[in-house]
Structures are given as C-alpha cells and as structure tokens.
Amino acid sequence: MLLTLGVSRLYNVVGKERWVKGRMLAHVNSSAVAGIDAYLVDVEVDLASALPGLTIVGLPDTAVRESIDRVRTAIKNSGLEFPNRRITINLAPADVRKEGPSFDLPIAVGILAASGQVESDFLADAVVVGELSLDGSIRGVSGVLPIALSAKEHKLRKVVVPVHNVKEAAIVGNIDVYPVQKLTEVVQLLNDPDHILPAVFDQSEFSALDDPVYDVDFSEVKGQESVKRALEVAAAGGHNILMIGPPGSGKTMLARRIPTILPPLSRDEALEVTKLYSVCGLLSPNEALITRRAFRTPHHTISTAGLTGGGTYPRPGEVSLAHHGVLFLDELPEFKRDVLEVMRQPLEDGRVTIARAQASLTYPASFMLVAAMNPCPCGFFNDHLKPCTCTPGMVHKYVRRISGPLLDRIDIHIEVPRLRQDQLMSRSPGEPSSAIRARVCRARELQQSRFAGSKIYCNAQMTSRHMRAFCKLSPEAEMALKQGVEQLRLSARAFDRVLKLSRTIADLAGSDEIGVEHLVEALQYRSLDRKYWG
29 MLLTLGVSRL YNVVGKERWV KGRMLAHVNS SAVAGIDAYL VDVEVDLASA
79 LPGLTIVGLP DTAVRESIDR VRTAIKNSGL EFPNRRITIN LAPADVRKEG
129 PSFDLPIAVG ILAASGQVES DFLADAVVVG ELSLDGSIRG VSGVLPIALS
179 AKEHKLRKVV VPVHNVKEAA IVGNIDVYPV QKLTEVVQLL NDPDHILPAV
229 FDQSEFSALD DPVYDVDFSE VKGQESVKRA LEVAAAGGHN ILMIGPPGSG
279 KTMLARRIPT ILPPLSRDEA LEVTKLYSVC GLLSPNEALI TRRAFRTPHH
329 TISTAGLTGG GTYPRPGEVS LAHHGVLFLD ELPEFKRDVL EVMRQPLEDG
379 RVTIARAQAS LTYPASFMLV AAMNPCPCGF FNDHLKPCTC TPGMVHKYVR
429 RISGPLLDRI DIHIEVPRLR QDQLMSRSPG EPSSAIRARV CRARELQQSR
479 FAGSKIYCNA QMTSRHMRAF CKLSPEAEMA LKQGVEQLRL SARAFDRVLK
529 LSRTIADLAG SDEIGVEHLV EALQYRSLDR KYWG
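In terms of the working numbering, the sequence shown has 344 at position 316, counting the first letter as 1, and numbering is strictly consecutive.
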C-alpha cells in the first residue's frame, strides 16, 4: 500500500515528466472542436523500457492514427532524436472521439518532453495545436478561434499555434499567442521562452465592423422600386423573402445587394460567425475576423447534408455558414423537395441539430432566407413581352414544388417584373445602399430597445407573447386584418407573419401603433399566395 502511494505521487504535475522504474511520462494540453465550441484534450505520452513501438489510444480517428508516421518522420528530419522505446499516447477524455491532424504537434512535443529533449515548465499553462509536415514544418489547422477561446476560459495563458492561424487566435485577447512555423522553433520556445515573442492583435480589425466595404451597391439597380421597398422591409425586420419573375428581370442582382443594406455585425455576432468559419477551415491567413455579413449561394444540386450540415462526423452546412447573413436560393423549385423541407427547423428555431451515432451537435443557423424563382418552367408566365409556352397544368405543377409549410415560413412574396425600355436606358443612379441601410439601422435600433434583455434581435424572431405585447393595431387596422384573413385565407402561421411584417413597416415609419397603411402593405406581400398557389 505504501509503495503504491509513493509511486502515485510521482505522477503529479501536468507538463512535468518523472522517471518511474524506467518509465517517463509527459503531459501536453491540446484541444479539439465539438460543434463550434472547443474542449481541452490532455495528451499523455508514456515512454517505457520495452520493445520499440507506438500506440495511440483515446478514440482516435484515421487522421490521428496516421500522425504516428508524420510525427516520427518530422522529429527525425528536424535533427531531433526519436526515442527507441515503447511509446504509449493517450488522448483524454478517452470517451470522446478525436479527429483531424491538429494533434500532430502536441504529440511530438509530448514525445520530446518525455525523452528530456525540451523543458516542460512552459507547457503547464499552454495549449498546443498544429499539423506536422514530414520536414518538420507546421501547417495550419481548423478551429483555432474556438480553441483559443476555450483556453482563455480555462485560465490557460498561452497558446502555441501555426503561423497560418495566428490572427484568429490573437483576436481573443488577454492570452499570449505564439506563432510557430517549424518543430525546431517549438523546441527553442520551450527551452528558451523569451526566444519568440507573442503575437499582438491589431484592434483595427474591430473598427472594420462599423463600415464594411462591399463591391456592389443598390445605386447600380435600375427601376424595381417596389422590389427595393420590399427588400428594405425584409432587411429591417430580418424577414424571409421570395422573388418571382421572368429570367433577366434582376432577381439575382437585387439579392446580391441585400447584405449592403443590413446593419453592420456586432462584435459578438462577428466572433460567432468567425468561429463557424474557423471550424470549417474557411478563414484565410490574413483574415482574423469576419467583418461582413455572409452571402451564401448554394447550387440547386446541393444535398441535404450540404445545406443543413451532416456527414459521418457532422460539419456545418450552408444554413450555418449563412448565420447572421443571407442564404440565397436561386431557382428555388429546382432544389430537391427533401432538401427544401429540412430547412423548416432552422427557419423556425435559428439553429440546426445533427444527430449521429458518434455525436449529436447543434449549430447556429439564424439567417435571412432570400429565394428567387421563375413563375413557370419557361419563365414567361404573365410576362408582357414574351408569351408563355406552358400549359396551366405545367405552371401549377411547377409552383407546387414549393410546399405550403415552407411557403408559410417566407414572410414576403414579391413579383419582379421585366424592366421597361426607358428604365433600361436610364443613366440616373438609384438610391445608394448607404441611405437604405441608415433607415434599416434606425428600425433595428427600435427593435433592440424593444426586446432589450431577451434573445430576440429583430421582429421576425418575435414569439406569440411578444406579438401580443408589441403588435397593437388601430381599429381601422383590425378591420383590414379581418378582411385580409378572409380574402387571402391565411394560415395561422401566415397570420403571424403578416403581424410581424406590419410591426416592421410601422418601425420604418417611426410609428408606435400599427396603422391601416402598415397592415395593408404587409397584406399585399402575401397576395401572391392566392395568385400562384391558389
């Protein structure tokens, strides 16, 4: 018993190695990502006086198992000694599956620390991540921003990351971020911590949030004043919108300019979006922070997993990559029916949950859905210049590809007509995005003060309780609403959408009460239900 207690005391300090009967043990803090958040992983390396070999335990995936050969070759090609011992590596916690090549560097550091080639004092409050090349150079990995945030949360003051990821890690602040390019640099850092200075984050990255720069502008759009108004209402309240019109009427051009009239990202929103892109490995080396709202345009051949996320090891889909931004689905009826139907949950809840045998993960997916479609297979139904060649049955079958439940979740339905000749020839610029965005921001400020203290940020997210409190109608508006419900045969969900739209239109007008003019405008955005879908 006394002997057992004595031996156990020799395994006591994280980052410290101790000889025990011909064995040596080292600990290195690393991290892995689950969803968009990270958790700490303790990389334990044990060297024993036995037949040479290397074993990794702790539910490693194929990429982690392959690190054995990468680490061995990288250590040798860096001029360091790979110990000729029995090496056992444990990735704790052992009940969570580990994936990806980011454990290469902490495993290599653990082997070097256990064999006495580097000092381990530095490792006690440091997190190490990175992928090794065979020549000892260090490649960038995904998910470094949530890893750095997790390290800060667990009071670990230092993070060792590849140079490729240094900007996204440094943005966290109040932790020391050490960029490394080669394994030999890591050895020098551990043996002489003053050899490499931590990176300093440039605070000007946050100033770019206040005035994002876009390559497009609404001043370039000719005509389509009624559509621009509908897009302004959609942006002011975070409402989903469907544009219906013939080919060449400008649906895609209008959609691409919607991010230019949305309010700038807040710091919290920018960090949340950047975490998603970091997890997916979509951040460039020169990009520390996502400063503009996303605009995602998946092709209509996309799969269910590609749109909402999934895979054997779940990854975010397009609905999550459009978080706090715009998801544009062009040629909406061309998407597979099952692909469109899976959007119901994220449209309602603002998040998507992916359940697999290995894990169940939830990703944020609060986006503004912008869809565009032709009114019929040939595209010219109700066009004033080119006749439609489709039969009524073909038109009916085409628009019926969009189910009623999905259509109910789209607040605004607007026709985009073909431009007249005088509009096409006009040289006068339209209203710039900056002027529209100013009105949208004023309406959003009203909503933020209205919903202060809750997790609701815009009118489209209101619950029934909020609608009862904030959607007060004038007597004339109540009468108009009753007539509208009867004539348009609105469902309960469509009824709620009309009220939310009315509240947004009133906010744009600076009115506390929803007037009849606000309600009538909201009702007209639902009139196409009857025209195209009966």
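Ideal Cβ placement from N, Cα and C applies to all residues, glycine included. Bear in mind that the values here come from a model prediction, so they are computed numbers and not experimental data.
Delimiting residues of the alpha helix (DSSP H) encompassing Gly421: According to the DSSP assignment, Gly421 belongs to the alpha helix (DSSP H) that extends over 420-427.
Quick one, are the C-beta atoms of Gly458 and Phe246 less than 8 Å apart? yes
Determine the closest residue to Leu75 out of Ala54, Ile272, Val169, Gly168, with distance taken between C-alpha atoms. Residue Ala54 holds the alpha-carbon nearest to the alpha-carbon of Leu75 among Ala54, Ile272, Val169, Gly168.
Taking the alpha carbon of Pro134 as the reference point, which residue from Arg114, Leu547, Arg113, Arg100 has its own alpha carbon closest? Arg100
Going straight from the alpha carbon of Pro292 to that of Arg320, what length do you get? 7 Å
What does DSSP give as the partner residue(s) for Arg525 in the beta ladder? For Arg525, which the question treats as bridged, DSSP gives no partner whatsoever.
Does Gly276 pass the burial test, meaning 16 or more other C-beta atoms within 10 Å, or should it be called exposed? exposed
Is the number of C-beta pairs between the segment 244-259 and the segment 215-227 that are closer than 8 Å three or more? Flag = no, the segment 244-259 and the segment 215-227 do not touch.
Can you determine whether any heavy atom of the ligand NAP sits closer than 7 Å to the C-beta of Ala399, and answer yes or no? Within the structure as shown, the ligand NAP is missing, as the structure has no ligands at all.
According to DSSP, what are the bridge partners of Tyr391? Answer is Val380.
Taking Cβ to Cβ, would you say Ala400 is nearer than 8 Å to Asp358? yes
Just checking, does the segment 463-471 make contact with the segment 500-509 on the three C-beta pairs under 8 Å criterion? Segments in contact, no.
For the candidate residues Leu211, Met453, Pro403, Ser477, whose alpha-carbon lies nearest to that of Glu443? Nearest of Leu211, Met453, Pro403, Ser477 to Glu443, Cα basis: Pro403.
For Tyr341, is the classification buried or exposed, using 16 other Cβ atoms within 10 angstroms of its Cβ as the cut-off for buried? exposed
Euclidean distance between Cα positions of Val301 and Val157: 22 Å
Could you give the residue range of the beta strand (DSSP E) that holds Arg114? 114-120
Inter-residue Cα distance where the pair is Gly334 and Ser170: 18 Å
Within its chain, find whatever has a CB closer than 6 Å to the CB of Ser530; leave out the 5 residues flanking it on each side and keep chain order. Ile542, His546, Leu547, Ala550
Close Cβ partners of Lys303 (< 6 Å) along its chain, the five nearest in sequence each way excluded: Ile64, Leu173, Pro174
Using only alpha-carbon positions, find the residue among Asp89, Ser95, Thr90 that is nearest to Leu82. Ser95
Could you tell me which residues DSSP puts in a beta bridge with Pro344? Gly337
Contacting residues, own chain, Cβ-Cβ under 7 Å from Ile533 (five flanking each side not counted): Val261, His546, Glu549, Ala550
Check this for me: beta carbons of Arg365 and Pro433, under 8 Å apart or not? Not in contact: Arg365 and Pro433 (Cβ atoms no closer than 8 Å).
Is it buried or exposed for Glu196, if we count other Cβ within 10 angstroms and need 16 for buried? buried
Using CA atoms only, rank isn't needed, just tell me which of Ser462, Phe498, Arg493, Ile464 is closest to Leu474. Phe498
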